[in-house]
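So for the sequence shown, the working numbering puts the first residue at 149; every next one is plus one. Working notes for the structure below.
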Amino acid sequence: MEKFALITGGSRGIGRATAILFANRGINVAINYLTNDKAAEDTLSEIKGHGVKVLKIKADVSKEDEVKRMFDIISEEFGNLQIIVNNAGLSTHYSPEELSLEEWNRVLGVNLTGAFLVTKYAIPFLKRSGWGRVINVSSLRAFSGSPKGVHYSSAKAGLLGFTRSMALYLAKFNVTVNAVAPGYTRTDMTAGYLKTRENEIKAKIPLGRVAEPEEIAEVIYFLASEASSYITGEIITVNGGIYFT
Ligand SMILES: NC(=O)c1ccc[n+]([C@@H]2O[C@H](COP(=O)([O-])OP(=O)(O)OC[C@H]3O[C@@H](n4cnc5c(N)ncnc54)[C@H](OP(=O)(O)O)[C@@H]3O)[C@@H](O)[C@H]2O)c1
């Protein structure tokens with residue numbers, strides 16, 4: 149079966165590495181992003197020439213009308229969709245006292261509500277295909293918590309319940325739903341603090357280094373492939389052995 153995938157936040161970091169890997173392995177890819185047209189264009193040109201169909205769609209995953217429009221485009225351009233990677237994410241740092249309700253809602257909106265909206269609108273495509281994969285990108289922070297990231301940790305922990313519930317609902321349609329929980333990974337999201345704290349962070353990681361986005365992409369690909377056919381509702385941590393720090 150020819151495979152079509154949507155990768156939210158597919159223009160940079162882990163999403164970009166996943167989009168390139170999927171295309172290399174023959175999967176048609178739609179890359180979603182929020183504002184950075186140049187990064188999306190760069191990723192698209194990296195993928196073009198792999199003999200697969202590629203598409204970039206600018207849409208805010210936290211807004212229902214934009215998600216609906218994204219699926220209209222996918223319907224017109226691809227017609228099919230079997231693989232969803234809910235990867236779009238946003239992390240900010242505030243103590244609970246500093247954290248405004250607006251910021252709480254913004255971070256939950258992208259990291260958690262976004263996965264709900266995208267999966268909801270993907271369901272008709274998944275049912276029609278009779279085969280599907282949903283992969284949610286959670287985080288080490290879902291388990292460890294974070295004193296200045298109560299909103300981010302809550303969203304990423306929420307994604308674990310979302311993963312299990314969606315797995316139960318979609319199993320009868322031959323669709324698996326799993327999550328990947330990365331630890332420290334070298335992307336724009338972590339560039340700021342890796343610049344000043346990389347040695348301190350590396351010292352806490354048993355494998356002695358942070359992950360490259362390609363290493364997370366390989367696990368996402370596994371969960372998107374036939375090889376993971378009997379795994380559903382599962383969370384795979386990819387963190388070099390670091391726990392609860
Ligand atoms: N890096 C890490 O150490 C790490 C660790 C654990 C989990 N994660 C998770 O892994 C995922 C990818 O992170 P990353 O480090 O690769 O991030 P990144 O380099 O900052 O890239 C974020 C991507 O998400 C897109 N995006 C942000 N808000 C969006 C929205 N509202 N709608 C649609 N797209 C949106 C961005 O689009 P634009 O380019 O247009 O801004 C970009 O493509 C996130 O869910 C993150 O929480 C990362």
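C-beta atoms are modelled at their ideal positions from N, C-alpha and C, and glycine is treated no differently.
Query	Result
How about the region 229 to 248 and the region 268 to 281: do they share at least three Cβ pairs that are nearer than 8 Å?	yes
Spatial neighbours of residue 241 within its chain, please: C-beta separation below 7 Å, excluding the five flanking residues on both sides.	296 and 297
Going by beta carbon distance, what residues of the same chain come within less than 6 Å of residue 218, once the five residues before and after it are set aside?	205 and 207
What's the gap between the Cα of residue 198 and the Cα of residue 191?	12 Å
With DSSP collapsed to three states, give me the class of residue 300.	helix
Among 269, 380 and 304, which one has its Cα closest to the Cα of residue 128?	Residue numbering for the chain in the displayed model covers 149 to 393; residue 128 lies beyond these limits and cannot be assessed.
Taking the continuous beta strand (DSSP E) assigned at residue 202, which residues delimit it?	202 to 206
Taking all protein chains shown into account, do 16 or more other C-beta atoms lie within 10 angstroms of the C-beta of residue 160, making it buried, or fewer, making it exposed?	buried
Cα-Cα, which of 184, 311, 263 and 270 is closest to residue 220?	270
Mapping the DSSP letters down to three states, classify residue 378 as helix, strand or coil.	coil
Using a Cβ-Cβ cut-off of 8 Å (strictly less than) and excluding sequence neighbours within five positions of residue 320, which residues of its own chain qualify?	none
Whole angstroms is fine: what's the gap from residue 237's alpha carbon to residue 162's?	10 Å
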